[in-house]
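Enquirer: Numbering (our numbering), first residue to last: 1 to 399.
Glycine residues also receive a C-beta, built at the ideal position from the N, C-alpha and C atoms.
Note that this is a predicted model, so its numbers are computed, not measured.
Handing you this structure, nothing more for now.
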Amino acid sequence: MTESITQPTGWDAVLGGQNAAPTNGVVLGGIEGVKKRFASVVIEQRIAALKEAIKYGKPGLEIVNKALYDESDLVQRSAYLMLRGRTTAEVRKALQRFNFYRFFECLRTLKGGTQVAISSDGETAAILKSNKSIKVWNLPTEELLYTVPNLPKGKQIYYIGLDKQTLVRSVQGTSNFVEVWQEGELQHTLYGHEDAIGAIAISPDGENMATGSQDKTIKIWDLQTGKLIYNISNSLVWGTHTATVFYLSYSPDGQTLISGGADGTVKLWNLRNRDKPRTFKIPLMGGLSIATSPNGEILAAASWDKKIRLLHLETGEIIRILELHSGWANCLNFSPDGQTLVSSGADDKRIEFWDIKTAENLHTLTGKDKYVTRLAFSADGQTLYSAAQDKTIEVWGIK
């Protein structure tokens with residue numbers, strides 16, 4: 001006859017009476033014994049019960065799922081750490097509703113530089129220190145990947161591709177140009193913009209690159225050959241920006257380019273037919289921060305009125321407005337699942353997490369008097385990297 005996991009077996013010890021079990025002891029007795037321990041008023045016993053429950057398959061997982069809503073943050077945190085690596089439908093569903101960002105803390109602080117760029121997956125950072133070479137690092141392992149010689153003159157902006165090998169550098173000076181580097185080797189120098197280049201994006205397939213400038217134009221380049229493919233300027237195309245282009249991103253399929261301008265507009269460029277773009281006006285946006293969700297459906301735009309507006313790119317409708325604590329947001333980024341937006345303010349220097357479906361503030365990281373310049377999630381959303389003006393990179397997560 002098959003033994004039941006809900007009943008004590010011949011070798012189980014059964015705790016009797018009303019006395020509490022020792023915190024570090026193991027009380028056996030099947031899943032029913034685990035349930036009894038989980039009902040304890042002692043937090044340490046409930047956590048110990050979870051460690052036993054996980055061994056009992058589905059009935060045990062139900063207890064751990066339930067613990068996500070325990071009155072104790074310590075119990076909730078323990079349950080989350082046990083579940084986050086599991087992929088069953090029940091666990092995934094439970095975790096979708098769980099706000100684990102409120103358990104984020106600074107795990108470590110890395111040395112940054114006078115200028116920092118972080119790849120969109122949080123894997124790679126390009127760091128300039130004291131006008132010496134630009135060093136490209138693997139952030140999770142802190143391994144130096146390659147270096148790029150610095151140009152001592154001219155303002156520079158860096159962009160790191162998802163392949164970790166591609167670094168794009170725009171240089172502003174007597175002439176304005178873009179360099180494309182592969183693992184520390186210069187591949188192309190691209191000329192054509194008449195003013196400073198502040199926006200860079202690489203297509204999902206890594207074949208093309210878009211650049212935007214203070215000259216109000218957008219140019220699309222072939223990354224393999226360095227040749228100009230498409231010039232979006234008011235002399236050639238209808239509906240171009242009337243002020244600096246400060247933001248660019250590609251849709252997931254690479255067929256649409258999204259641009260943000262200091263004229264307060266967001267434009268969607270169809271790269272297949274190269275028709276006049278769809279244009280949306282964002283109130284009081286100016287040249288502030290913009291981010292696009294990973295699925296390409298939602299755009300977040302910071303405005304001067306201390307608000308972040310969420311725009312549905314299919315309909316153009318502003319679907320949510322997030323009210324900031326104070327000041328305006330100079331950094332925005334979406335979590336990899338697209339459900340959470342993270343922002344940092346120029347005035348209060350907070351890092352805030354937002355639920356994009358409810359506009360609820362999920363958590364705020366405070367106590368760091370640092371002006372944040374970059375925010376990037378790891379690919380699994382379990383780590384957040386923030387680069388600051390004090391030449392540090394902080395790594396946030398759950399211990």
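Between Ala359 and the rest of its own chain, which residues show a CB-CB distance below 6 Å, the 5 nearest in sequence each way excluded?
Expert: For the purposes of this step, residue 359 is identified with residue 359 of the sequence shown, where counting begins at 1. Arg320 and Leu322.
Enquirer: With respect to the beta strand (DSSP E) encompassing Met285, which residues constitute its N-terminal and C-terminal limits?
Expert: Here residue 285 refers to the residue found at position 285 when the sequence shown is read from its first residue. Run containing Met285: none; DSSP gives neither H nor E here.
Enquirer: Can you tell me whether Glu352 is buried or exposed? The criterion is at least 16 other CB atoms within 10 Å of its CB, across all chains shown.
Expert: Taking the sequence shown and counting its residues from 1, one reaches residue 352 at position 352. That one is buried.
Enquirer: Span of the beta strand (DSSP E) holding Lys267?
Expert: For the purposes of this step, residue 267 is identified with residue 267 of the sequence shown, where counting begins at 1. That run of the beta strand (DSSP E) goes Thr265 to Asn270.
Enquirer: Could you round the C-beta distance between Val178 and Thr211 to whole angstroms and report it? I think they count as a contact, below 8 Å.
Expert: Taking the sequence shown and counting its residues from 1, the one referred to as residue 178 is at position 178. Taking the sequence shown and counting its residues from 1, the one referred to as residue 211 is at position 211. Going by Cβ atoms, the distance from Val178 to Thr211 rounds to 6 Å, so yes, they are a contact pair.
Enquirer: Where do the ends of the beta strand (DSSP E) carrying Ala49 lie?
Expert: Working through the sequence shown from its first residue, we reach residue 49 at position 49. No beta strand (DSSP E) contains Ala49, which is instead part of the alpha helix (DSSP H) from Ile43 to Ala53.
Enquirer: Pull up the distance between the alpha-carbon of Tyr409 and that of Asn295, whole angstroms please.
Expert: Residue 409 lies beyond the range of the chain shown here (1 to 399); nothing can be said about it.
Enquirer: To which residues does DSSP link Ile218 through a beta bridge?
Expert: Against the sequence shown, residue 218 aligns to sequence position 218. Beta-bridge pairing links Ile218 to Gly212 and Ile232.
Enquirer: Below 8 Å between beta carbons: does that hold for Gly254 and Gly286?
Expert: Translated into positions along the sequence shown, residue 254 becomes position 254. Translated into positions along the sequence shown, residue 286 becomes position 286. Contact: no.
Enquirer: Measure the CB-CB distance between Leu110 and Glu142 and report whether it falls below 8 Å.
Expert: For the purposes of this step, residue 110 is identified with residue 110 of the sequence shown, where counting begins at 1. For the purposes of this step, residue 142 is identified with residue 142 of the sequence shown, where counting begins at 1. Yes, they are a contact pair.
Enquirer: Is Tyr56 helix, strand or coil when you go by DSSP?
Expert: Sequence index remark: in the sequence shown, residue 56 carries index 56 (1-based). Looking at Tyr56 - three-state DSSP - the assignment turns out to be helix.
Enquirer: Could I get the ranges of all uninterrupted alpha helix (DSSP H) runs contained in the region 172-197, with 4 residues as the minimum, in chain order?
Expert: Listed in chain order, there is nothing to give.
Enquirer: Which residue wins for smallest C-alpha separation from Thr244, given the options Val266, Ser251, Ile229 and Gly57?
Expert: Within the sequence shown, the letter at position 244 stands for residue 244. Minimum Cα distance to Thr244 is reached at Val266.
Enquirer: Can the beta-carbon of Phe246 be found closer than 8 Å to that of Gly261?
Expert: Translated into positions along the sequence shown, residue 246 becomes position 246. Translated into positions along the sequence shown, residue 261 becomes position 261. Yes, the Cβ-Cβ distance between Phe246 and Gly261 is below 8 Å.
Enquirer: By DSSP's criteria, Ala376 is part of a beta bridge. Which residues make up the other side?
Expert: Locating residue 376 in the sequence shown gives position 376, counting from the first residue. Its beta-bridge partners are Tyr385.
Enquirer: What did DSSP end up calling Val136 once you bin it into helix, strand or coil?
Expert: Indexing the sequence shown from 1 puts residue 136 at position 136. Strand.
Enquirer: Excluding the five sequence neighbours on either side, which residues of its own chain have a C-beta within less than 6 Å of the C-beta of His193, listed in chain order?
Expert: Start at 1 with the first residue of the sequence shown, and residue 193 comes out as number 193. Result list for His193: Asn176, Ser213 and Asp215, in chain order.
Enquirer: For my contact list, Ile218 and Ile232 are in at a C-beta cut-off of 8 Å; report their separation, rounded to the angstrom.
Expert: Residue mapping note: residue 218 aligns to position 218 of the sequence shown, counting from 1. Residue mapping note: residue 232 aligns to position 232 of the sequence shown, counting from 1. With 8 Å as the limit, Ile218 and Ile232 qualify as a contact, their Cβ atoms being about 4 Å apart.
Enquirer: Short of 7 Å in beta carbon distance, which residues of its chain neighbour Asp195, apart from the five on each side in sequence? Order them along the chain.
Expert: The sequence position of residue 195 within the sequence shown is 195, counting from 1. So the list reads Asn176, Ser213, Gln214 and Asp215, once near-sequence residues are dropped.
Enquirer: Per the DSSP calculation, Arg77 is bridged to which residue(s)?
Expert: Residue mapping note: residue 77 aligns to position 77 of the sequence shown, counting from 1. In DSSP, Arg77 forms no bridge with anything.
Enquirer: Check Val148 in the structure and name its three-state DSSP category.
Expert: In the sequence shown, the residue the question calls residue 148 occupies position 148. Strand at Val148.
Enquirer: Just how far apart, CA to CA, sit Leu271 and Ser251?
Expert: The residue labelled residue 271 in the question sits at position 271 within the sequence shown. The residue labelled residue 251 in the question sits at position 251 within the sequence shown. So the two alpha carbons sit approximately 10 Å from each other.
Enquirer: Could you tell me the alpha carbon to alpha carbon distance between Thr159 and Lys399, rounded to whole angstroms?
Expert: As a working note, residue 159 is residue 159 in the sequence shown. As a working note, residue 399 is residue 399 in the sequence shown. Contrary to the premise, residue 159 reads as Tyr rather than Thr in this sequence. Looking at the two C-alpha atoms, the distance is approximately 30 Å.
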